[in-house]
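Enquirer: Just so you know, the sequence shown maps onto residues 42 to 341 in our numbering.
Every residue, glycine too, gets a C-beta built ideally from N, C-alpha and C.
Can you keep this structure in mind? I'll have questions shortly.
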Amino acid sequence: MTSHRAQRSVHSRRTTSDGSRDVDSGASIGGRRKAVRVGVRHTGGRKKLFPGLPSVPSLVGAAVLALAAVGVTISQPEVAPVVPAATDFPKFAHQASVLNADTSMGSGSALTGRARAVSRDSQREAVQDAADAELQAQAESQAKERNAALRALAVSAEQYADQIAQSLWQLPLPAGSYRLSSRFGECSYLWANCHTGLDFAAPSGSQIYNVAYGVVTEVGYAGSYGNRTIVTLPDGTEMWYCHQTSFAASVGETVVAGDPIGYVGSTGNSTGPHLHLEVHPGAGDAVDPMGAALVRGLQF
Ligand SMILES: [Zn+2]
Numbered sequence: 042m043t044s045h046r047a048q049r050s051v052h053s054r055r056t057t058s059d060g061s062r063d064v065d066s067g068a069s070i071g072g073r074r075k076a077v078r079v080g081v082r083h084t085g086g087r088k089k090l091f092p093g094l095p096s097v098p099s100l101v102g103a104a105v106l107a108l109a110a111v112g113v114t115i116s117q118p119e120v121a122p123v124v125p126a127a128t129d130f131p132k133f134a135h136q137a138s139v140l141n142a143d144t145s146m147g148s149g150s151a152l153t154g155r156a157r158a159v160s161r162d163s164q165r166e167a168v169q170d171a172a173d174a175e176l177q178a179q180a181e182s183q184a185k186e187r188n189a190a191l192r193a194l195a196v197s198a199e200q201y202a203d204q205i206a207q208s209l210w211q212l213p214l215p216a217g218s219y220r221l222s223s224r225f226g227e228c229s230y231l232w233a234n235c236h237t238g239l240d241f242a243a244p245s246g247s248q249i250y251n252v253a254y255g256v257v258t259e260v261g262y263a264g265s266y267g268n269r270t271i272v273t274l275p276d277g278t279e280m281w282y283c284h285q286t287s288f289a290a291s292v293g294e295t296v297v298a299g300d301p302i303g304y305v306g307s308t309g310n311s312t313g314p315h316l317h318l319e320v321h322p323g324a325g326d327a328v329d330p331m332g333a334a335l336v337r338g339l340q341f
């Protein structure tokens, strides 16, 4: 190793008191080193050639020490130090100028750097604006979807309310203005068959109101039923309004509960003014109107 050689060189050179040096000959006799005295005597004693300058041995010693130091520092990587030559300085200067050109932000080109910074800020603002526009578009789209959903819900609610309203039944005559004179299923010698409806005795000419939502499907005189109006409900149920003096609704007319149907009378097989009401589910046989009304939450 260079450092070992350098250290051994240092140790092997010992300046004697008279200026001579013991130089290790490198030979070894009987395990003992024999110092060979090489006398180097300068004429005129130890007078220096150039007073004021270090002596040659001192310069040599300093050089050896310097080399030893260099050897220590480069001994680890085993790579010789790269000492730039004087001819390399133009190259370094060129590299430095290139570096300065590439890093003009920190050099004298402040305007260029500021322009780049402004450009970056503009790009950042453009990206932010684009993101804001996208978010706004998404929010508007979501708002439209929400409004559409709310409108659809409102329409659905209105339809449901209509269905509820349509399904509700109302009294054919104002409460307290009539008397139930004959129930469904009663039998009498007055009838060819047992009573198939419900009788509402009321003064002649009293306004008869529609009981349930439907369409007027028949208006006219019907034998023992007298003047009869038939309203067909959405489920096919027929409501018969009989013995009227006159009509207040026409065939094909859509009527809701409470709309006028006609007027109380005694036409047909009748002993006095009353409304004979019949209910025919699915246009079939008559059922008790009281039971049908109770299903709808209405009590006659
Ligand atoms: Zn009757």
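Just to check, is the beta-carbon of residue 240 closer than 8 Å to a non-hydrogen atom of ligand 1?
Expert: By 1-based counting over the sequence shown, the position of residue 240 is 199. Yes, Cβ of residue 240 sits closer than 8 Å to a heavy atom of ligand 1.
Enquirer: Buried or exposed: which applies to residue 205, given that a residue is buried once 16 or more other Cβ atoms fall within 10 Å of its Cβ?
Expert: The residue you call residue 205 lines up with position 164 of the sequence shown. Answer is exposed; the Cβ neighbour count stays below 16.
Enquirer: Assess contact between the region 314 to 330 and the region 276 to 285, defined as three or more Cβ pairs (one per stretch) separated by less than 8 Å. Is contact present?
Expert: Yes: the two stretches touch, three or more of their Cβ pairs being nearer than 8 Å.
Enquirer: Pull up the distance between the alpha-carbon of residue 302 and that of residue 312, whole angstroms please.
Expert: Here residue 302 corresponds to residue number 261 of the sequence shown, with the count starting at 1. Here residue 312 corresponds to residue number 271 of the sequence shown, with the count starting at 1. Each residue's alpha carbon lies about 22 Å from the other.
Enquirer: Does ligand 1 have even one heavy atom less than 8 Å from the beta-carbon of residue 283?
Expert: Within the sequence shown, numbered from 1, the residue matching residue 283 stands at position 242. Yes, since a heavy atom of ligand 1 falls inside the 8 Å radius drawn around the Cβ of residue 283.
Enquirer: In chain order, what are the residue ranges of uninterrupted beta strand (DSSP E) at least 3 long that sit wholly in the region 269 to 340?
Expert: The region 269 to 340 contains these whole beta strand (DSSP E) runs: 279 to 285, 301 to 304 and 315 to 321.
Enquirer: Contact check, residue 308 vs residue 268 under 8 Å by CB: the rounded distance?
Expert: Here the question's residue 308 lines up with position 267 in the sequence shown. Here the question's residue 268 lines up with position 227 in the sequence shown. Right, their Cβ atoms sit about 5 Å apart.
Enquirer: Taking residue 243 and residue 315 to be in contact with their CB atoms under 8 Å, please state how far apart those CB atoms are, rounded to whole angstroms.
Expert: Counted from its first residue, the sequence shown places residue 243 at position 202. Counted from its first residue, the sequence shown places residue 315 at position 274. That belief holds up - the Cβ atoms of residue 243 and residue 315 are roughly 7 Å apart, short of 8 Å.
Enquirer: Just the C-alpha distance for residue 203 and residue 196, rounded to the nearest angstrom, thanks.
Expert: Counting from 1 along the sequence shown, the entry for residue 203 is found at position 162. Counting from 1 along the sequence shown, the entry for residue 196 is found at position 155. Cα to Cα, residue 203 sits roughly 10 Å from residue 196.
Enquirer: Rounding to the nearest angstrom, what Cα-Cα distance links residue 339 and residue 235 in this structure?
Expert: Residue numbering aside, residue 339 sits at position 298 when the sequence shown is read from its first letter. Residue numbering aside, residue 235 sits at position 194 when the sequence shown is read from its first letter. Going by the C-alpha atoms only, they are around 24 Å apart.
Enquirer: Here's the rule I'm using: 16 or more other beta-carbon atoms within 10 Å means buried, otherwise exposed. How should residue 170 be labelled?
Expert: Translated into positions along the sequence shown, residue 170 becomes position 129. With fewer than 16 other Cβ atoms within 10 Å, it is exposed.
Enquirer: Which whole-angstrom value describes the C-beta separation of residue 260 and residue 291, a residue pair presumed to lie in contact below a C-beta threshold of 8 Å?
Expert: Here residue 260 corresponds to residue number 219 of the sequence shown, with the count starting at 1. Here residue 291 corresponds to residue number 250 of the sequence shown, with the count starting at 1. The pair is a contact, with the Cβ atoms about 6 Å apart (cut-off 8 Å).
Enquirer: Could you spell out where the beta strand (DSSP E) holding residue 211 opens and where it closes?
Expert: Counting from 1 along the sequence shown, the entry for residue 211 is found at position 170. Looking at the DSSP string, residue 211 is not in any beta strand (DSSP E), and its letter there is neither H nor E.
Enquirer: Since residue 225 contacts residue 329 with CB under 8 Å, what's their CB separation in whole angstroms?
Expert: Taking the first residue of the sequence shown as position 1, residue 225 is located at position 184. Taking the first residue of the sequence shown as position 1, residue 329 is located at position 288. Going by Cβ atoms, the distance from residue 225 to residue 329 rounds to 4 Å, so yes, they are a contact pair.
Enquirer: Taking C-alpha atoms, which residue in 207, 216, 212 and 221 lies nearest to residue 295?
Expert: The residue labelled residue 295 in the question sits at position 254 within the sequence shown. When only C-alpha atoms are compared, the closest one is 207.
Enquirer: Candidates 177, 211, 163 and 191: which alpha carbon is nearest residue 297's?
Expert: Here residue 297 corresponds to residue number 256 of the sequence shown, with the count starting at 1. Measuring from the Cα of residue 297, the nearest candidate turns out to be 211.
Enquirer: Contact defined as beta carbons within less than 8 Å: I believe residue 214 pairs with residue 249. What is the distance between those atoms, to the nearest angstrom?
Expert: What you label residue 214 is simply residue 173 of the sequence shown in a count that begins at 1. What you label residue 249 is simply residue 208 of the sequence shown in a count that begins at 1. Confirmed, Cβ separation roughly 7 Å.
Enquirer: With C-beta atoms as the reference, is residue 264 less than 9 Å away from residue 285?
Expert: Here residue 264 corresponds to residue number 223 of the sequence shown, with the count starting at 1. Here residue 285 corresponds to residue number 244 of the sequence shown, with the count starting at 1. The answer is no: Cβ separation not under 9 Å.
Enquirer: In the region 227 to 254, which residue ranges form an unbroken beta strand (DSSP E) of at least 3 residues, counting only runs that do not cross its ends?
Expert: Listed in chain order, they are 239 to 242 and 248 to 250.
Enquirer: Buried or exposed: residue 326, going by 16 or more other Cβ atoms within 10 Å of its Cβ?
Expert: By 1-based counting over the sequence shown, the position of residue 326 is 285. Exposed is the call here.
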